[in-house]
Amino acid sequence: MHGSFVNVSGSVSTVPSETLRCCSARDKRIRVARFVFERNDGEVLFGLNRKHLEEVAQDYYLVTEGGDSPDLHPGQVLKINVDLVFYWARNAQRQSNHDLAKELYVKCIKLRPYDGRGWMGLARLEMRLERFSEARKIFANALQFCRRNSHLLQAWGVLEERTGNYSRAKSLYLQACEANPAHAASWVALGLFYQSRDNDVDSARQCFRTGTEADSRNYYLWHVWGELEYAHGNTELARKYFSRGIKVNPHNAATYHALGLLEYRTENVAKAEEFITRALRANANNSHVLATIAKITAERGGSRRARSLLLRGRSRGPRDAVIHQMLGMLAIKEGDYEAARGHFEEGLREQPKHCPLWQAWGLMEARLENTDVARELFQQGVWANPKSKFVDRIWHAWGAYERQIGEIERAKTYFRYGLEANPHSTRIFCAWGRVEAEAGSMLKSRKLFEEAVQREPSNPLIWRSYEACESKYGETSRAEIIFQRSIEAALISDNRVMLGEPQSGDFASTGLWTTEQDLRVSIEKRKKRTLRNRDEATSREQRILSEKPVRAIPIQRQSQGETSEDEDVDEYKDEDEAEEFSVDLIDFRAPQTRLDLGLID
């Protein structure tokens, strides 16, 4: 019945008849809805002129909540007709027939303009073609009909976030959550925004909690919540939430994969192999899982098997940039730099906006002392995707390389650009702090390190780097203070009360039910203890500093042309420098984008 429509009487016609849309019931209807459209938007974008839109508004009862009208009113097109057209449009889009898909989405809108699927499909098509201004106009006009459609609001927020309009994106996410508190995807989008853009972990955690309360069967909510907890050192909670996600959806390879990586990084190798094997069993074509297995195999010395797995992954996902990156890194490990260049070039041909590929290639050329080529690759990577959440990694690698070759001012400039791209990048704060210490500006260095520990107080690597920097330049007393502060921060992190643990009504160890007042008192006690420890550390620091003046020992640089074997050895033994000048492999999570995860379907 391709190309046919079902009318109210049950007969089949090739096009919807005019009598269905224009009947006497319209003349009896008192309410007439009028809409304010942007100038020429309806005519230019959808082939609908203003008069036709006003007629449509008279013909249909508007459903402002974004759903469909439950009853079939005179003149209303049957929903099955829209379903058929939408199905054809999706198929055309999958086959990359964008013109036909657009035409069919427009037909969906003409048939039922208050059905959000047509608007959504058309807007997503424009987003995929990177015509963001057109997509924005589509969303604006769609919400004239579906004013509280949380799917459209959340999808528009994704568009604004992708184009860098973060305040507007946040506002749209909040509107989506308010319009439909049971829409889990809106809570996911808002939580991820708080986590990545605002660095507000508590708000992100609250969004994920609210989302799981609204829809406990949404496996992706448990997945992203587990990733959040693991990123902040809460391994047990992360394991718990990943397990909940697997319980909800035992066929999701991405959650098995994430749990396998968690177990591998906590040195539970047997469990890691079990979960990664189950991930591969759930989806044998998942190139991210194959890349992870290859990475683990290569670390154990099985380069040949790792390459075989990566080639298998490339055959199943030829556009996957992570596979090409891993092949390039494996070639670098074996010393075949020409092959590595080939893999990087092939990956960028498929995904020219993939920041980790640009970074890995640039760092390889930097290690080979091809300075001009490395700088060009770093610059091209920044230009390729300046709005990427990973672009700060390129600025970090570029600044670290300039620091290594003695271009201190350039390094500072690139670190500053990196913080403009991501104001919460602790790795850039630490790297910049080391540069300032080398230049003799210990006050600036300490300020940068303090910014880092303020953002991630439970990260031991930051404290270790801070302590090593003070020790390297002779400030052993300050280094001791920093060491003590790191221990206190770790204790506070271990003893903190998580929101939602415990809840009022939980069974206490004394056999009584915990009351809300008991919970509040417990939290206040821990807050006071934390503040008391902080005050003691501050007074101890002031006492030590009053006994010894602050001094900075700038690095002694050799004159041009001189070399020192000892200096080269120290350079490679320095843990901070080795960590700073390294390739950042993005975690192999599948899928990696919100649109691919179906958040706005």
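Numbered according to full-length UniProt numbering, the sequence shown spans residues 1 to 601.
We put the CB at the ideal spot given by N, CA and C, even for glycine.
- Rounded to the nearest whole angstrom, the C-alpha separation of T476 and A366 is 34 Å.
- Between A253 and V289, the C-beta gap is smaller than 8 Å, which places the two residues in contact.
- Around the beta carbon of L259, a 10 Å sphere encloses 16 or more other beta carbons of the protein chains shown; the residue is thus reported as buried.
- Under the DSSP assignment, P356 falls in the alpha helix (DSSP H) whose first and last residues are C355 to R367.
- Three or more Cβ pairs drawn from the segment 185 to 203 and the segment 221 to 231 lie within less than 8 Å of each other, which places the two stretches in contact.
- Secondary structure in the segment 272 to 354: no beta strand (DSSP E) run of 3 residues or longer lies completely within the stretch.
- Non-local C-beta neighbours of A270 in its own chain, meaning closer than 8 Å and more than five positions away in sequence, are absent.
- Scanning its chain for C-beta atoms nearer than 7 Å, with the 5 sequence neighbours on each side dropped, one finds around A89 the residues A101, L104, Y105, C108 and G121, in chain order.
- Annotation: E350 to N459 spans about 36 Å, alpha carbon to alpha carbon.
- As the crow flies, the alpha-carbon of L448 is around 7 Å from that of W432.
- Assignment of L78 by DSSP, reduced to helix, strand and coil, places it in the coil class.
- Counting of Cβ neighbours within 10 angstroms places Q93 among the buried residues, the total reaching 16 or more.
- Here I405 is exposed: its Cβ has fewer than 16 other Cβ atoms, across all protein chains shown, within 10 Å.
- Take the alpha-carbon of S303 and the one of T297: they are about 7 Å apart.
- Here the alpha carbon of R117 sits roughly 20 Å from the alpha carbon of E178.
- Counting along the chain, K472 sits inside the alpha helix (DSSP H) bounded by residues P460 to K472.
- H354 and A331 have their C-alpha atoms roughly 19 Å apart.
- Here the alpha carbons of N249 and Q379 stand approximately 42 Å from one another.
- Here Q195 is buried: its Cβ has 16 or more other Cβ atoms, across all protein chains shown, within 10 Å.
- The beta carbon of G362 sits closer than 6 Å to the beta carbons of A374, L377 and F378 from its chain, once the five residues preceding and following it are set aside; these are given in chain order.
- By the neighbour-count definition (other C-beta atoms within 10 Å, threshold 16), L129 is an exposed residue.
- In terms of Cβ geometry, F139 and A123 form a close pair [threshold 8 Å].
- In this structure, V391 is the residue among D336, E334 and V391 with its C-alpha nearest to the C-alpha of W358.
- With a contact defined as Cβ atoms closer than 8 Å, L419 and I408 miss out at about 17 Å.
- Across the structure, R314 and T292 are spaced so that their CA atoms are roughly 13 Å apart.
- Close CB contacts of A214 within its chain, under the 8 Å cut and outside five residues either way in sequence, are with P181, A182, H183, A184 and W187 (chain order).
- Between G347 and A321, the gap from beta carbon to beta carbon is short of 8 Å.
- If you look at K447, you'll find it in the alpha helix (DSSP H) that goes M442 to R455.
- Bounds of the alpha helix (DSSP H) holding H98 are H98 to L111.
- Here the alpha carbons of R416 and E402 stand approximately 13 Å from one another.
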